[in-house]
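Visitor:
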Ligand SMILES: Nc1ncnc2c1ncn2[C@@H]1O[C@H](COP(=O)(O)OP(=O)(O)OP(=O)(O)O)[C@@H](O)[C@H]1O
Ligand SMILES: [Mg+2]
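Numbering (the working numbering), first residue to last: 2 to 256.
1) Only counting the same chain, and skipping five residues up and downstream in sequence, which positions put a Cβ closer than 8 Å to that of residue 55?
2) Looking at C-beta atoms only, is the number of pairs between the stretch 197-217 and the stretch 225-243 that lie closer than 8 Å three or more?
3) Between which residues of its own chain and residue 229 is the CB-CB distance below 6 Å, once the five residues before and five after are set aside?
4) Check this for me: beta carbons of residue 160 and residue 108, under 7 Å apart or not?
5) Should residue 173 go down as buried or exposed, given a rule of 16 or more other Cβ atoms within 10 Å for buried?
6) Given the structure, does residue 101 come close to ligand 1, in the sense that its CB is under 6 Å from one of the ligand's heavy atoms?
7) Output yes or no for whether 7 Å exceeds the beta carbon distance between residue 194 and residue 210.
8) Does residue 220 come out as helix, strand or coil in the three-state DSSP assignment?
9) Apart from the five residues on each side of it in sequence, which residues of its chain come closer than 8 Å, Cβ to Cβ, to residue 2?
10) Could you tell me the alpha carbon to alpha carbon distance between residue 1 and residue 47, rounded to whole angstroms?
11) Taking 6 Å as the cut-off, is the beta-carbon of residue 46 closer than that to any non-hydrogen atom of ligand 1?
12) Considering residue 209, what are the terminal residues of the alpha helix (DSSP H) in which it resides?
13) What are the partner residues of residue 134, as DSSP defines its beta bridges?
14) Per the DSSP calculation, residue 15 is bridged to which residue(s)?
15) What runs of the beta strand (DSSP E), each 3 residues or longer, lie entirely inside the stretch 111-193?
16) Could you check if residue 58 is buried or exposed, using at least 16 other CB atoms within 10 Å of its CB as the buried criterion?
17) Could you say which of 11, 133 and 138 lies nearest to residue 33 if we only look at CA atoms?
18) Please report how far the alpha carbon of residue 7 lies from the alpha carbon of residue 110, in whole angstroms.
19) Less than 7 Å between the C-beta atoms of residue 90 and residue 197, yes or no?
20) Within the present structure, is the beta-carbon of residue 49 separated from the nearest heavy atom of ligand 1 by less than 6 Å?
21) Near residue 87, what residues of its chain come up, given a Cβ to Cβ distance below 8 Å and the 5 sequence neighbours on each side ignored?
22) Please report the straight-line C-alpha distance between residue 64 and residue 92, rounded to a whole angstrom.
23) With DSSP run on the structure shown, which of helix, strand or coil describes residue 203?
24) Does DSSP classify residue 72 as helix, strand or coil?
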């Protein structure tokens, strides 16, 4: 196994975002190393999803910059940003598949609409290949409501993967799943990273999982990254908030 390259694939510089009086991001500087698994953790409501949406251009920060390699995303026109979005895959928190479509149609959708692939054979081939890869072969004609919660999550990840993005964002992929299913999804994140060589950004409440699978962890609190580094470095942080959060998260495991 090769470790992640040091070069950041995504960088934010001094990101600010407020909603009225509510200051959510207050100068966020974060670097996501290429080909790494990078976890963004922090308390509920602290701005993890806002940070993620600001990075992918779904939300416009009030101030600051986002870089993808050598391109400043925050300086792009809408059209240019739309073109670059294909490098990013995302599975949203609470992401729903389209219930009115089959699994196959759900997966074909980005290929047709974003990549503008016309060939039915190519689309069907890519869908089948990916369903094999997530170990749910042959479920093209099933509808999302016929699947278990864990299967739906995996198909959601597959939909994010199908465009073969460079960076895959997972916003709370395991929330609401039992521990065994959570493990399956965490294993899937590892496989995406190791086998498909994609950078994975994992936004999660599952702190033990973040410490187990991430190469790098960034801890967001009150609008800033208050600890940042390898799991060992973050675990050794002397920031009280980080210490408490980690202690509580791991002690919950023992009950
Ligand atoms: N579109 C919006 N309009 C107004 N306020 C928003 C909007 N999106 C998020 N917020 C506010 O920004 C803050 C951060 O929300 P965010 O969803 O990023 O938290 P989070 O860290 O992802 O929480 P969780 O762990 O529960 O998912 C919250 O106070 C939320 O109410
Ligand atoms: Mg969130």
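Each residue gets a CB set at the ideal place from its N, CA and C atoms; glycine is no exception.
Please read these numbers as outputs of a predicted model, since none were measured by experiment.
Guide: Working from what's here:
1) For the purposes of this step, residue 55 is identified with residue 54 of the chain shown, where counting begins at 1. Within the same chain, residue 55 has close Cβ partners 13, 16, 18, 26, 61, 62 and 67.
2) Cβ pair count under 8 Å is three or more, so yes.
3) Within the chain shown, the letter at position 228 stands for residue 229. Cβ neighbours of residue 229 beyond the five flanking positions: 219.
4) Looking up residue 160 in the chain shown gives position 159. Looking up residue 108 in the chain shown gives position 107. Contact: yes.
5) The residue labelled residue 173 in the question sits at position 172 within the chain shown. Buried, since its Cβ has 16 or more Cβ neighbours within 10 Å.
6) Mapped onto the chain shown, residue 101 falls at position 100. For ligand 1, not one heavy atom lies less than 6 Å from the Cβ of residue 101.
7) For this step, residue 194 is matched to residue 193 along the chain shown. For this step, residue 210 is matched to residue 209 along the chain shown. No, the Cβ-Cβ distance between residue 194 and residue 210 is not below 7 Å.
8) Here residue 220 refers to the residue found at position 219 of the chain shown. Strand.
9) Here the question's residue 2 lines up with position 1 in the chain shown. With a pLDDT of only 43 at residue 2, under the threshold of 50, the placement of this residue in the model should not be trusted, and no figure is reported.
10) In the structure displayed, the chain extends from 2 to 256; residue 1 sits before or after that span and is not available.
11) As a first step, residue 46 is located in the chain shown; it is residue number 45 there, counting from the start. Residue 46 Cβ: within cutoff of ligand 1.
12) The sequence position of residue 209 within the chain shown is 208, counting from 1. From DSSP, the alpha helix (DSSP H) with residue 209 extends over 208-214.
13) One-based indexing of the chain shown puts residue 134 at position 133. None; residue 134 has no bridge partner.
14) Indexing the chain shown from 1 puts residue 15 at position 14. Beta-bridge pairing links residue 15 to no other residue.
15) If you keep only unbroken beta strand (DSSP E) runs of at least 3 residues inside the stretch 111-193, you get 168-172.
16) Your numbering for residue 58 matches position 57 in the chain shown. By the neighbour-count rule (16 or more Cβ atoms within 10 Å), residue 58 is buried.
17) To locate residue 33, count along the chain shown from 1; it is residue 32. Cα-wise, what sits closest to residue 33 is 11.
18) Here the question's residue 7 lines up with position 6 in the chain shown. Here the question's residue 110 lines up with position 109 in the chain shown. So the alpha carbons of these two residues sit roughly 34 Å apart.
19) The count along the chain shown starts at 1 and reaches residue 90 at position 89. The count along the chain shown starts at 1 and reaches residue 197 at position 196. The answer is no: Cβ separation not under 7 Å.
20) Taking the chain shown and counting its residues from 1, one reaches residue 49 at position 48. Correct: residue 49 has its Cβ closer than 6 Å to ligand 1.
21) Along the chain shown, one-based indexing puts residue 87 at 86. Within its own chain, the residues whose Cβ lies closer than 8 Å to the Cβ of residue 87, once the five positions on either side in sequence are excluded, are 115, 116, 164 and 166, listed in chain order.
22) Position 63 of the chain shown holds residue 64. Position 91 of the chain shown holds residue 92. Roughly 26 Å separates the two Cα atoms.
23) Residue numbering aside, residue 203 sits at position 202 when the chain shown is read from its first letter. The answer is strand: DSSP assigns residue 203 an E or B state.
24) Within the chain shown, the letter at position 71 stands for residue 72. Residue state, collapsed to three classes: strand.
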